[in-house]
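All residue numbers for the sequence shown refer to our numbering, where the first residue is 29 and numbers rise by one.
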Amino acid sequence: MKRLAAIKDYIIEQTLHKTFNPKGQLTLYFSNCCLPDEIVLAARELGYTIHLKSEQASAWILEEPPTKK
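Right, here's the structure in full:
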């Protein structure tokens, strides 16, 4: 549970300090210690969808919910 909370905190922090592109997307980078299932679950619990962009770089695309765009 602590890891999931830490991932959520990271997502929230990044959305406060970075700007979504016009498509409502933001690239996030996670350390290799984060499991993909945990990242997806944390994003969903915050109302976002998230997709793997680059497995090698641990890069993910976070998408804003339609109501926030």
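Just so it is clear, CB atoms sit at the ideal spot from N, CA and C, and this is done for glycine as well.
None of the values given here were measured: they were computed from a predicted structure.
Taking C-beta separations shorter than 7 angstroms and ignoring five residues to either side along the sequence, the partners of His79 in its chain run Trp88, Ile89, following chain order.
Close CB contacts of Met29 within its chain, under the 7 angstroms cut and outside five residues either way in sequence, are absent. Assignment of beta-bridge partners to Glu91 by DSSP yields Gln53, Thr77. C-alpha of Tyr57 to C-alpha of Pro93: approximately 20 angstroms in a straight line. Nearest C-alpha to Ser82 among Pro64, Ile35, Lys46, Ala71: Pro64. At least 8 angstroms separates the beta-carbon of Cys61 from that of Ile35.
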